[in-house]
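To start, the structure itself, in structure tokens.
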Amino acid sequence: MAQKGVFISKQMLQIKLNNSLIVLPTSRAIREHITSLKNRNQLLKKYITIGDLFFISSLDIKNRKDIDQNLKILFLKEAIKNIDIKKLGFSDNFSTFLNQSDYIFRFFLETANEYISLDKLLEYDTYTLYSDHIEILELIYKNYISLLQENNYTDNILKPSNYIINEDFIKQYDDITINLEGYLSSYEFNIIKNLSKLTTLYINITINHYNEKNIELFEDIDERLEVGYSYKLDFSNKTIVEKYITINNNKNIIISPIKSQISQIAFIKYQITQMIKQGLEPQNIAVIVPDENIINLLELFDNEHYFNFAMGRSIKNNKIVQVSKLLVKYITDFEPKDEEKFKNLNINKKTFETLFKNNWNKDIDKELFETILNYIYSFEEDEQTKEKLEQLKISLEILLFTKVLDNNITLKLKEFMKLFINQLITISVDDTSGGKVTVLGILETRDVQFDGIIVIDFNDNKIPKISVKDKFISSKLKSIVGLPTVEDRENLQRYYYKNIFTKATNIAIGYIDDEQSTMSRFIVQLFPNYKEYLVKYNYNNILYNKKNLNHFLDDIKLDVDLSKKEWSATSLKSYLECKRQYYFKYILNIKDHNISIKPQSFELGSIIHKALETAVKENNFNYDFIKQYLSKNGKNNPYLILELELWNKKLERLFINEKQRKNDGTVIVETEKPFKLKYKDITIKGVIDRIDKLKDNTHEILDYKTSSSLKIDTLKTYENSTDFQLEFYYLSQRELMINSVGYYDLNNSTIKNEIVLDEKLKLLDIHFEALKTKTVDFKLTDDLSKCQYCTYKTICDRGI
């Protein structure tokens, strides 16, 4: 006879257990929550991120495919084909456009998420200050949406107006709890309201002074939310389940002014040691970096293996990236030294000729695609990176060989390589061999807690971080129509810092303190009594105690008012990049010394500049004259003969371009024009290479450039710029109607206009104000890359 007992089926067990879904801001937050529960005897609930919740729970238009990121760019490229995007400050050059397209997509997504049509922006733009921008964007938007519809694709910008709640997914849970950090867009809040009707929806939220807008968002709750409290809300029934005061755990706070970027690394190490001495576990200490450019320095000085990097390790320095860039450079901008690089990287010259050079201007087909990537991938050995490379290959293959836009997408090999490298340099691999101290960005701190927080770069130019969403229209217009403003974004960042600081027992904040850098205003706002926490300390010995670098560390301070000196763009660049270099060059007047017969870059540049100037002055501005001129100047130097012969070929393209400019009505009116003037009580001087008069009687100021590494500042990079040559030129010719200022890139005969002129002029004003000094510390640069080709590196004991 069978033993009697109680049988509970799997189905019965599921009925008795509460089936809950927990929604957290990030994957890191999920890992932290699960780790905190590992010693508890309980069943784990289902966890997903809030991004996954919005993606899974809302379905877009049926029978449509989500568009791939690469395909988005090509659709956008098609959408702007007959539109003058230069009016938006954008370039129609393919490689430049790749980097700028993100501005447009982010703007479209923001307006879509807040249900703000571009027509509404025009309606509220009372003084038509931005109507040109908005009308162009509206046309781009319509073209882009039309392309999506024609090719059966959908995009996130369509979802706010077309989503359908995935009820099957939501109804499988008895309740959903969302830990809300930050703000919700109108689209996201609509989804949450709809979810609350299908199941019990709880929201955990903390209110401080920087997210008070959420109080109005939850005004339907039976009791008004208050600043300084954390809540658990039953959003379905509009009640408060729990309310408790937010407790500040701070015990030890240090705010430290630091003289250099490298010294910040020492500051981090010192603070880690101090926190561990006070009893903190290293895994409970986090380093927050507002600017990820410092990661390379952290890796370089991490001899103790303290750090693990939440953002992963970039592959930018991997051999595959170096090879890919060199292959493109060799064809588009060859220099004799590239031959040596080919040998160092083991690039087979014959293979290169066959695969790349012979196919450079041909459309890439599937066979060539496979062959090219197989060859490039052969230069990578890391297994983790190889996995990421295969994913990239699949993405690009779908992009290129899936029929869209009525025909397959076609790219020439030269365009494909730019697209490939653009994607390649974004790859990062998980940091699996790191230490216990986590390095992360502020967004990764959402809903996680660390006992010790170390933040560096707490300067006004990095905190708050500037958003690319604020490019096209003003904050005032955004506020009127209901779009997030600059102030909203800054408050969101304040909220994140406030939250992570409140939870920590130990806080150490470092900021660069010099003539160009100022402490972030966030410090005053987050720590009203910040002066009580200020600690000055020399951290240098932590990094350099193994080496005797006395001269390297010597201070050179002078009582001097730099505003009384005359400034060229070159001397200002020297000062901003390395004050010690400026001191040697412009105060001690130590001259450059070189005995090599190999031509220096400035020698070649001077010859080519002089050739172009002479041709104009002698009314002989043509290729034959230039060819003869260059031949005469290279006779006594075999290295110069080779270089000038290569430039002969490059300048042939220049005069094809010049012929077209002349046909368009452009006239050269000035060459090598000197100037000297007072600006902001400071004397600036220089010589303008060329001024053109355009058909509409406006003027274009041009500076010839022979450098192969010419780069134009963008909204993302201009804040760190040290080159204000074009701004000097603009200021000197303000009496003219100036259409544009730019560099004439003689390598490829293209003009690269300054697209952030207004922004850089404001930045220049800040630099000029900082030149009104009484005492100057002529310290060494933190950026060691600046030392590589510096004349004075031996004096500074930086003979790298």
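Counting from 1, position 721 in the sequence shown corresponds to residue 718 in the numbering used here; the numbering is continuous, with no gaps. Built from N, CA and C at the ideal position, the CB exists for glycine as well. Bear in mind the structure is a predicted one, so any value in this text is a computation, not a measurement.
Task: Own chain partners of V666 with C-beta closer than 6 Å, once the 5 adjacent residues on each side are dropped - done: Cβ neighbours of V666 beyond the five flanking positions: I688, K690.
TODO: With a 10 Å radius around its C-beta and 16 neighbouring C-beta atoms as the bar for buried, classify I395 as buried or exposed.
DONE: The Cβ neighbour count for I395, taken over all protein chains shown within 10 Å, is under 16; the residue is labelled exposed.
- [ ] Specify the secondary structure class of G602 as computed by DSSP and reduced to three states.
- [x] In the structure shown, the three-state DSSP call for G602 is helix.
Open item on the list: Could you check whether the segment 499 to 515 touches the segment 448 to 455, counting it as contact only if at least three pairs of C-beta atoms, one from each stretch, sit closer than 8 Å?
Closed with: Counting C-beta pairs closer than 8 Å gives three or more between the segment 499 to 515 and the segment 448 to 455, which meets the contact rule.
Task: Enclosing beta strand (DSSP E) for Y267 [first to last residue] - done: Unbroken run through Y267 is the alpha helix (DSSP H), 258 to 274; no beta strand (DSSP E).
Open item on the list: Let's test the definition: count the other Cβ atoms within 10 Å of the Cβ of P22 and tell me whether it reaches 16, buried, or not, exposed.
Closed with: The residue is buried, with at least 16 neighbouring Cβ atoms inside 10 Å.
Open item on the list: Assess contact between the segment 776 to 784 and the segment 739 to 748, defined as three or more Cβ pairs (one per stretch) separated by less than 8 Å. Is contact present?
Closed with: Verdict: no, contact absent.
TODO: Look up T382 in the DSSP assignment and say whether it is helix, strand or coil.
DONE: T382: helix per DSSP, three-state reduction.
- [ ] Note down, in chain order, each residue of its chain lying with its Cβ closer than 8 Å to the Cβ of L34, except the 5 sequence neighbours on either side.
- [x] Same-chain partners within the cutoff: L41.
Open item on the list: Tell me the DSSP secondary structure of A505 in three-state form.
Closed with: In this structure, A505 counts as strand in the three-state DSSP scheme.
Task: Assigned exposure category for S260 - 16 Cβ within 10 Å defines buried - done: Buried, because 16 or more other Cβ atoms sit within 10 Å of the Cβ of S260.
Task: Minimum C-alpha distance to K83 - residue among Y44, S54, I133 - done: A check of alpha carbon separations from K83 across Y44, S54, I133 identifies I133 as the nearest.
- [ ] Excluding the 5 residues preceding and the 5 following I679 in the sequence, name in chain order all residues of the same chain whose CB lies nearer than 7 Å to its CB.
- [x] The answer, listed in chain order, is S560, W564, F765, L768.
Task: Cβ separation of D427 and G309, assumed to be a contact under 8 Å, to the nearest whole Å - done: About 5 Å separates the two Cβ atoms, so the contact holds.
Task: Separation of I70 from R103, as counted between CA atoms - done: C-alpha of R103 to C-alpha of I70: approximately 13 Å in a straight line.
- [ ] Take the Cβ of R813 as the centre, count every other Cβ of all protein chains shown within 10 Å, and call the residue buried at 16 or more, exposed below.
- [x] Here the chain comprises residues numbered -2 to 797, so residue 813 is not present and cannot be evaluated.
- [ ] Sort T197, E185, G225, A26 by Cα distance to L214 and report the nearest one.
- [x] The residue with the shortest Cα to Cα distance from L214 is E185.
Task: Coarse secondary structure for G449, derived from DSSP in three states - done: Per DSSP, reduced to three states, the secondary structure at G449 is strand.
Task: Close-in-space but distant-in-sequence residues of the same chain around K385 (CB under 6 Å, 5 per side omitted) - done: I424, listed in sequence order.
- [ ] Could you check what DSSP says for T151 in three-state terms: helix, strand or coil?
- [x] T151 sits in a strand when the DSSP states are folded into three classes.
Open item on the list: If you reduce the DSSP assignment to three classes, tell me which class N586 lands in.
Closed with: Three-state result, N586: coil.
Open item on the list: Rounding to the nearest angstrom, what Cα-Cα distance links Y741 and K708 in this structure?
Closed with: So the two alpha carbons sit approximately 12 Å from each other.
Open item on the list: Quick check on N290: does DSSP put it in helix, strand or coil?
Closed with: When DSSP states are grouped into helix, strand and coil, N290 belongs to the helix group.
Task: Distance between I418 and T382 (C-alpha atoms, nearest Å) - done: About 15 Å.
TODO: Go ahead and pull the three-state DSSP assignment for S321.
DONE: In this structure, S321 counts as helix in the three-state DSSP scheme.
Task: Sheet register partners of D689 (DSSP bridge) - done: I665, E697, per the DSSP bridge assignment.
- [ ] Pull up the distance between the alpha-carbon of K274 and that of T499, whole angstroms please.
- [x] Going from the Cα of K274 to the Cα of T499 covers about 21 Å.
Task: Beta-carbon proximity of S514 to N458, cut-off 8 Å - done: The answer is yes: Cβ separation under 8 Å.
Task: Beta-carbon proximity list for F353, same chain, < 6 Å, skipping 5 on both sides - done: L324, listed in sequence order.
Open item on the list: By the three-class DSSP mapping on this structure, what secondary structure does P279 have?
Closed with: In the structure shown, P279 falls within a helical segment according to DSSP collapsed to helix, strand and coil.
TODO: Would you mind listing the beta strand (DSSP E) stretches within the segment 695 to 750 that are 3+ residues and don't spill past its ends, in chain order?
DONE: If we require 3 residues or more, the beta strand (DSSP E) runs fully inside the segment 695 to 750 come out as 696 to 702, 735 to 742, 747 to 750.
- [ ] Output yes or no for whether 8 Å exceeds the beta carbon distance between T203 and Y170.
- [x] Not in contact: T203 and Y170 (Cβ atoms no closer than 8 Å).
TODO: Check the C-beta distance from I154 over to I47 and give it rounded, since I have them as a contact under 8 Å.
DONE: Going by Cβ atoms, the distance from I154 to I47 rounds to 19 Å, so no, they are not a contact pair.
Task: Sub-8 Å separation of V532 and S253 beta-carbons - done: Closer than 8 Å, so yes.
TODO: Report yes if the C-beta distance between I188 and S55 is below 8 Å; otherwise report no.
DONE: In this structure, S55 lies closer than 8 Å to I188 by Cβ.
Task: First and last residue of the uninterrupted alpha helix (DSSP H) at T567 - done: It spans 566 to 574 - the alpha helix (DSSP H) in which T567 sits, taken as one unbroken run.
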